[in-house]
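The sequence shown runs 35 to 310 under the working numbering. Don't be surprised by glycine CBs; every beta carbon is placed ideally from N, CA and C. Taking it in order: structure first as structure tokens, then the write-up.
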Amino acid sequence: MTDVHGRTAFITGGGNGIGLGIARSLARAGAKLALVDLDTDALARAKAELEQITPVETYRLDVRDRAAYAAVAAAVEQSLGPVSLLFNNAGVAGGAPAAKLTYDLWDWGIGINLHGVINGIQTFLPGMVARGLGGHIVNTASGAGLAATTSGVLYSTAKFGVVGMSEALNAELGGAGIGVTVLCPGPVATGIIQRSASTSPKAGLVLTEEQKRASAERVAKMTVALNQGVGIDDVGEMVLKAVRENSLYIHTDRVMEAPIKARTKALLDAMPAPAA
Ligand SMILES: NC(=O)c1ccc[n+]([C@@H]2O[C@H](COP(=O)([O-])OP(=O)(O)OC[C@H]3O[C@@H](n4cnc5c(N)ncnc54)[C@H](O)[C@@H]3O)[C@@H](O)[C@H]2O)c1
């Protein structure tokens with residue numbers, strides 16, 4: 035169990051959406067906040083809101099940039115003290131049908147959704163372990179990291195990686211007093227689809243008219259589903275509770291119940307018959 039009060043929390047993608055919901059919950063619980071994002075307007079809004087209740091520093095950081103990550107981490111620890119609460123949350127959604135993916139799209143999707151999380155771990159974990167003061171890491175994956183449904187090959191590849199990494203970290207870090215949680219949201223009401231569409235690389239992506247139509251339909255359907263999803267402040271509270279109670283998994287709803295059951299059954303059914 036980790037008491038967040040007085041600790042320094044580092045939240046990637048902290049300007050909007052789920053990251054902002056987490057920031058609000060932690061601020062109310064007395065944590066100091068370092069928020070990083072590419073969206074500087076959102077960071078300014080979050081700082082104006084949250085510095086009323088707790089110390090807040092914001093930095094423009096692309097989580098793919100390892101050198102910039104190290105520099106920002108040093109600046110944060112200088113001004114707010116050692117980071118012992120890490121939220122690897124920044125992410126993007128999108129992609130293309132498997133046969134139409136480009137290396138630019140792979141580098142973008144895996145770069146942010148998987149390497150961004152790796153970079154957070156590489157930057158902060160050694161110090162967290164060396165200081166011996168415990169702490170907690172929350173990695174934002176997705177229901178798409180628990181069973182492959184309709185989120186596409188690119189997104190599922192990264193999010194399965196985040197789930198696997200989190201489970202392995204959890205198995206290893208208990209002795210160091212560092213808890214690990216993997217957040218696997220279903221639909222959450224954020225602007226991720228539109229924000230991701232505006233930054234995803236388009237070069238070399240050639241879709242047929244039918245594929246363009248299907249993609250637009252999928253985006254429209256996902257936008258409706260997300261708008262009807264859980265609110266960011268509710269997710270923030272779920273994350274705070276998981277940190278306090280040291281829970282490994284967070285589901286924000288039961289949307290993935292059937293796909294997880296089907297995947298588990300298929301995995302078990304594929305095992306050789308028990309020896310007689
Ligand atoms: N919204 C959902 O329904 C949903 C469902 C499952 C998983 N998730 C995951 O939750 C996380 C947060 O998503 P959200 O819905 O809050 O999206 P969001 O777009 O509202 O917030 C994501 C934030 O990350 C920032 N960001 C994007 N690329 C970045 C980069 N390279 N470096 C730093 N910051 C960057 C964006 O500017 C944005 O502020 C993501 O990892 C996403 O995959 C979201």
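Review point. Which residue comes first and which comes last in the alpha helix (DSSP H) that contains N261?
Key: Element bounds for N261: E243 to N261.
**Study point:** Rounded distance between the beta-carbons of A223 and V264, thought under 8 Å
**Key:** Contact flag correct, Cβ pair sits at about 7 Å.
Exercise for review: Would you identify the three-state DSSP class for D73, choosing helix, strand or coil?
Suggested key: D73 carries a coil assignment under DSSP once its states are collapsed to helix, strand and coil.
Point to revise | Beta carbon of E271 nearer than 7 Å to that of S113 | key: A distance of 7 Å or more separates the beta carbons of E271 and S113.
Check your understanding: Quick one, are the C-beta atoms of A345 and L67 less than 7 Å apart?
Key -> Any answer about residue 345 is impossible in this case: the structure gives the chain only from 35 up to 310.
Review point. Can L69 and I45 be called in contact, C-beta distance under 7 Å?
Key: In this structure, L69 lies near I45, with their beta-carbon atoms less than 7 Å apart.
Practice item. State the CB to CB distance for the pair G64 and V38, rounded to an integer number of angstroms; the pair is presumed to be in contact (CB under 8 Å). Key: About 7 Å separates the beta carbon of G64 from that of V38, a gap short enough to meet the 8 Å contact definition.
Review point. Can D141 be considered in contact with ligand 1, in the sense that its beta carbon sits closer than 6 Å to one or more heavy atoms?
Key: Taking non-hydrogen atoms of ligand 1 into account, the C-beta of D141 is found less than 6 Å away from none of them.
Check your understanding: What is the DSSP secondary structure of V289, counted as helix, strand or coil?
Key -> When secondary structure is reduced to three states using DSSP, V289 falls in the coil class, being assigned neither helix nor strand.
Practice item. Rounded to whole angstroms, what's the CA-CA distance from K299 to A182? Just pull it up for me. Key: In this structure, the alpha-carbon of K299 lies about 14 Å from that of A182.
Practice item. Could you tell me the distance, in whole angstroms, from the CA atom of A210 to the CA atom of K134? Key: A straight-line Cα-Cα distance of about 44 Å links A210 and K134.
Exercise for review: Assign T42 to one of two classes, buried (16 or more other C-beta atoms within 10 Å of its C-beta) or exposed (fewer than that).
Suggested key: Answer is buried; the Cβ neighbour count reaches 16.
Review point. For D73, is the beta carbon positioned less than 6 Å from some heavy atom of ligand 1?
Key: For D73, the shortest separation between its Cβ and any heavy atom of ligand 1 lies below 6 Å.
**Study point:** Exposure label - N173; buried when at least 16 CB within 10 Å
**Key:** Answer is buried; the Cβ neighbour count reaches 16.
Review point. Using the beta-carbon count (16 or more within 10 Å), is M305 buried or exposed?
Key: Classification of M305: exposed, given that the 10 Å Cβ count is below 16.
Check your understanding: Taking the C-alpha atoms as reference points, what is the distance between T257 and S185?
Key -> Whole-angstrom Cα-Cα distance: 13 Å.
Review point. So the beta strand (DSSP E) A202 belongs to, where does it begin and stop?
Key: Where A202 is concerned, there is no enclosing beta strand (DSSP E), although the alpha helix (DSSP H) around it starts and stops at V187 to L207.
Point to revise | Bridge partners - I284, DSSP secondary structure assignment | key: Its beta-bridge partners are L217.
Check your understanding: Between G154 and C218, is the Cβ-Cβ spacing less than 7 Å?
Key -> Taking C-beta atoms as the reference points, G154 and C218 fail to come closer than 7 Å.
**Study point:** Continuous beta strand (DSSP E) stretch holding I227: start and end
**Key:** For I227, no beta strand (DSSP E) segment is defined; the enclosing uninterrupted segment is the alpha helix (DSSP H) at I226 to T233.
Point to revise | Straight-line Cα distance separating P308 from I52 | key: Distance between the alpha carbons of I52 and P308 is about 44 Å.
Check your understanding: What residue from L203, V196 and K275 has the CA that sits closest to A124's CA?
Key -> It is V196.
Review point. L301: buried (16+ other C-beta within 10 angstroms of its C-beta) or exposed?
Key: Classification of L301: exposed, given that the 10 Å Cβ count is below 16.
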